[in-house]
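Engineer: Residue numbers (the UniProt record's numbering): 1 to 319. Questions regarding the structure given below will be posed in turn.
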Amino acid sequence: MTTTAGGLAIMTGSAASNQIGAAVGAHAFGAIGPAGVVAVRQFVAAAVLLPVARPDPRRFTWAQWWPTLLLGLVFATMNLSLYTAVDRIGLGLAVTLEFLGPLSVALAGSRSRVDLLCAAGAGIGVYVLVLPSGSSDWPGIGCGVLAACCWASYILLNRLLGTRLPGLQAPAAATSVSALMYLPVIVLLVAQGRLTGTALLFAVGAGVLSSVVPYAADLIALRRVPARHFGVVMSVHPVFAALAGLVLLGQVPAVHEWIGIAVVVAVNVLAVRQNAGHGTAAAQHGERGHRRRLAAGGRARPQGGDTAACGGGRASGGQ
Numbered sequence: 001m002t003t004t005a006g007g008l009a010i011m012t013g014s015a016a017s018n019q020i021g022a023a024v025g026a027h028a029f030g031a032i033g034p035a036g037v038v039a040v041r042q043f044v045a046a047a048v049l050l051p052v053a054r055p056d057p058r059r060f061t062w063a064q065w066w067p068t069l070l071l072g073l074v075f076a077t078m079n080l081s082l083y084t085a086v087d088r089i090g091l092g093l094a095v096t097l098e099f100l101g102p103l104s105v106a107l108a109g110s111r112s113r114v115d116l117l118c119a120a121g122a123g124i125g126v127y128v129l130v131l132p133s134g135s136s137d138w139p140g141i142g143c144g145v146l147a148a149c150c151w152a153s154y155i156l157l158n159r160l161l162g163t164r165l166p167g168l169q170a171p172a173a174a175t176s177v178s179a180l181m182y183l184p185v186i187v188l189l190v191a192q193g194r195l196t197g198t199a200l201l202f203a204v205g206a207g208v209l210s211s212v213v214p215y216a217a218d219l220i221a222l223r224r225v226p227a228r229h230f231g232v233v234m235s236v237h238p239v240f241a242a243l244a245g246l247v248l249l250g251q252v253p254a255v256h257e258w259i260g261i262a263v264v265v266a267v268n269v270l271a272v273r274q275n276a277g278h279g280t281a282a283a284q285h286g287e288r289g290h291r292r293r294l295a296a297g298g299r300a301r302p303q304g305g306d307t308a309a310c311g312g313g314r315a316s317g318g319q
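So, in structure tokens, the structure goes:
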């Protein structure tokens with residue numbers, strides 16, 4: 001197996017683990033609610049990230065602190081809104097709506113005809129997925145859309161923090177902030193005697209499968225997989241979510257929901273391929289110019305902007 005193929009297999013396994021973890025966590029909703037599952041998951045994630053990243057908050061400047069605090073708020077809101085949506089409208093529909101977040105970031109600001117068609121296609125896919133009517137669960141759909149907005153914010157904040165904090169210090173500190181926000185939930189559940197037995201086991205399982213495994217897998221995979229492949233692999237999340245909901249929760253998607261999921265996934269693949277083609281063409285154009293300068297006797301200069309762009313493209317998504 002080649003390095004790239006191995007990395008793609010790891011990322012696919014990471015996506016499957018993420019959605020299986022969400023389905024496992026859903027089994028605890030009846031006992032401790034979505035907020036309780038999210039609270040436990042945040043503490044599990046912090047327990048994993050803090051020893052690895054070892055951030056030192058005492059040395060953070062305000063320019064590092066304010067996006068870290070915002071990212072912590074995004075973590076807290078994204079997970080709660082997603083799990084609430086899962087509880088109300090099912091795992092497949094909730095994750096597909098959330099997936100509109102990274103897709104919107106990929107298409108934002110684009111003026112190419114293909115990307116505009118992709119945006120229109122995504123809208124059609126969502127309409128077919130939801131089929132709005134008087135009986136639609138609008139609060140659940142709204143929570144899915146809120147989760148999408150949070151995922152888009154996560155991507156943008158991660159890009160910013162990637163230039164201000166090294167390694168995993170930003171997500172480690174932000175996850176700790178989010179865990180502290182959920183501390184009252186943990187205290188309340190313990191006081192009520194609800195955070196015990198099977199419910200706690202399911203919640204911890206969600207934290208391990210949806211946080212610990214994906215974090216470790218992404219660290220390994222992103223060293224092997226070209227950035228242009230990342231968005232394509234991300235497209236399997238709605239599919240795995242629908243399958244996990246079907247197998248583990250007994251949630252059978254309607255025909256129109258399968259069609260809507262397929263349209264949204266296809267639009268993302270097309271958008272990623274289109275943007276990757278533009279990036280490759282730009283890189284080739286820059287390389288030709290570089291060679292011409294060398295042939296003319298010009299002195300090569302380091303391309304700092306290009307390096308930063310390539311590094312910024314390797315951002316791992318998370319929920």
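Built from N, CA and C at the ideal position, the CB exists for glycine as well.
Please name the residue in 59, 207, 89 and 263 whose C-alpha comes closest to that of residue 372.
Structural biologist: The chain is shown only over 1 to 319; residue 372 falls outside these bounds and no answer can be derived.
Engineer: Give the secondary structure of residue 317 by DSSP, where H, G and I count as helix, E and B as strand, and everything else as coil.
Structural biologist: Taking the sequence shown and counting its residues from 1, the one referred to as residue 317 is at position 317. Any answer about residue 317 is weak, because its pLDDT of 39 lies below 50 and its placement is not dependable; what the coordinates show is given next. The answer is coil: DSSP assigns residue 317 none of H, G, I, E or B.
Engineer: Apply the 10 Å Cβ neighbour rule to residue 134 and answer buried if 16 or more other Cβ atoms are within range, or exposed otherwise.
Structural biologist: What you label residue 134 is simply residue 134 of the sequence shown in a count that begins at 1. Burial call: exposed.
Engineer: Taking residue 142 as part of the alpha helix (DSSP H), name the residues at either end of that continuous run.
Structural biologist: One-based indexing of the sequence shown puts residue 142 at position 142. Element bounds for residue 142: 138 to 162.
Engineer: Between the beta-carbon of residue 171 and the beta-carbon of residue 270, is there less than 8 Å?
Structural biologist: Taking the sequence shown and counting its residues from 1, one reaches residue 171 at position 171. Taking the sequence shown and counting its residues from 1, one reaches residue 270 at position 270. No; because the gap between Cβ atoms is not below 8 Å, this pair is not in contact.
Engineer: Nearest to residue 97 by alpha carbon, out of 145, 128, 83 and 117?
Structural biologist: Within the sequence shown, residue 97 is the residue found at index 97, counting from 1. Here the closest residue by C-alpha is 145.
Engineer: Within 10 Å of its beta-carbon, does residue 5 have 16 or more other beta-carbons around it, so buried, or fewer, so exposed?
Structural biologist: Counting from one through the sequence shown, the residue named residue 5 turns up at place 5. By the neighbour-count rule (16 or more Cβ atoms within 10 Å), residue 5 is not buried but exposed.
Engineer: Suppose the cutoff is 6 Å on Cβ atoms and the five residues either side in sequence are ignored; what does the same chain contact list for residue 101 look like?
Structural biologist: By 1-based counting over the sequence shown, the position of residue 101 is 101. Taken in chain order, the residues that qualify are 148, 151 and 152.
Engineer: If contacts are defined as beta-carbon pairs under 8 Å, then residue 53 and residue 168 qualify, I think. What distance do you get, rounded to the angstrom?
Structural biologist: What you label residue 53 is simply residue 53 of the sequence shown in a count that begins at 1. What you label residue 168 is simply residue 168 of the sequence shown in a count that begins at 1. That belief holds up - the Cβ atoms of residue 53 and residue 168 are roughly 4 Å apart, short of 8 Å.
Engineer: By alpha-carbon positions, which one of 241, 70, 254 and 261 ends up nearest to residue 82?
Structural biologist: As a first step, residue 82 is located in the sequence shown; it is residue number 82 there, counting from the start. Residue 241 is the option with its Cα nearest to residue 82.
Engineer: Suppose the cutoff is 6 Å on Cβ atoms and the five residues either side in sequence are ignored; what does the same chain contact list for residue 114 look like?
Structural biologist: Along the sequence shown, read from residue 1 onward, the residue named residue 114 stands at position 114. 274, listed in sequence order.
Engineer: Check whether the segment 194 to 210 and the segment 19 to 34 touch, using three or more Cβ-Cβ pairs below 8 Å as the test.
Structural biologist: Short answer: they touch.
Engineer: Between the segment 174 to 185 and the segment 64 to 82, do at least 3 Cβ pairs fall closer than 8 Å?
Structural biologist: The answer is yes - the segment 64 to 82 touches the segment 174 to 185, with three or more Cβ pairs under 8 Å.
Engineer: What did DSSP end up calling residue 48 once you bin it into helix, strand or coil?
Structural biologist: Residue numbering aside, residue 48 sits at position 48 when the sequence shown is read from its first letter. Helix, per DSSP.
Engineer: Residue 158: which of 44, 200 and 75 sits nearest, CA to CA?
Structural biologist: For this step, residue 158 is matched to residue 158 along the sequence shown. It is 75.
Engineer: Does the structure place the segment 35 to 44 close enough to the segment 246 to 263 that three or more beta carbon pairs sit under 8 Å?
Structural biologist: Touching, no, given that fewer than three Cβ pairs across the two stretches are closer than 8 Å.
Engineer: Report the option in 195, 238 and 224 whose CA atom is closest to the CA atom of residue 8.
Structural biologist: As a position in the sequence shown, residue 8 is number 8, starting the count at 1. Cα-wise, what sits closest to residue 8 is 224.
Engineer: What whole-angstrom Cβ distance do residue 212 and residue 15 have, given they're in contact under 8 Å?
Structural biologist: The sequence position of residue 212 within the sequence shown is 212, counting from 1. The sequence position of residue 15 within the sequence shown is 15, counting from 1. Not confirmed; about 15 Å, so no contact.
Engineer: May I ask you to report which of helix, strand or coil DSSP gives residue 114?
Structural biologist: Against the sequence shown, residue 114 aligns to sequence position 114. Note: residue 114 maps to helix in three-state DSSP.
Engineer: Going straight from the alpha carbon of residue 283 to that of residue 272, what length do you get?
Structural biologist: Taking the sequence shown and counting its residues from 1, the one referred to as residue 283 is at position 283. Taking the sequence shown and counting its residues from 1, the one referred to as residue 272 is at position 272. Per-residue confidence for residue 283 stands at a pLDDT of 46, beneath the threshold of 50, marking its modelled position as unreliable; the derived number appears in the next sentence. Approximately 16 Å between the Cα atoms of the pair.
Engineer: For the candidate residues 122, 58, 164 and 85, whose alpha-carbon lies nearest to that of residue 107?
Structural biologist: The residue you call residue 107 lines up with position 107 of the sequence shown. Of 122, 58, 164 and 85, the residue nearest in Cα terms is 122.
Engineer: Helix, strand or coil for residue 87, going by three-state DSSP, please let me know.
Structural biologist: Within the sequence shown, the letter at position 87 stands for residue 87. If DSSP states are grouped into helix, strand and coil, residue 87 belongs with the helices.
Engineer: Report the CB separation of residue 321 from residue 263 in whole angstroms; it is logged as a contact under 8 Å.
Structural biologist: What the structure shows of the chain is the stretch from 1 to 319, and residue 321 is not part of that stretch, so it cannot be assessed.
Engineer: Quick check on the DSSP output: the alpha helix (DSSP H) that includes residue 237 runs from which residue to which?
Structural biologist: Here residue 237 refers to the residue found at position 237 when the sequence shown is read from its first residue. Residue 237 -> alpha helix (DSSP H) spans 236 to 249.
Engineer: Identify whether residue 29 lies in helix, strand or coil by the three-state DSSP scheme.
Structural biologist: Numbered from its first residue, the sequence shown carries residue 29 at position 29. Three-state DSSP puts residue 29 in a helix.
Engineer: Buried or exposed for residue 64, please, with buried defined as at least 16 other CB atoms from any protein chain shown within 10 angstroms of its CB.
Structural biologist: By 1-based counting over the sequence shown, the position of residue 64 is 64. So residue 64 counts as buried.
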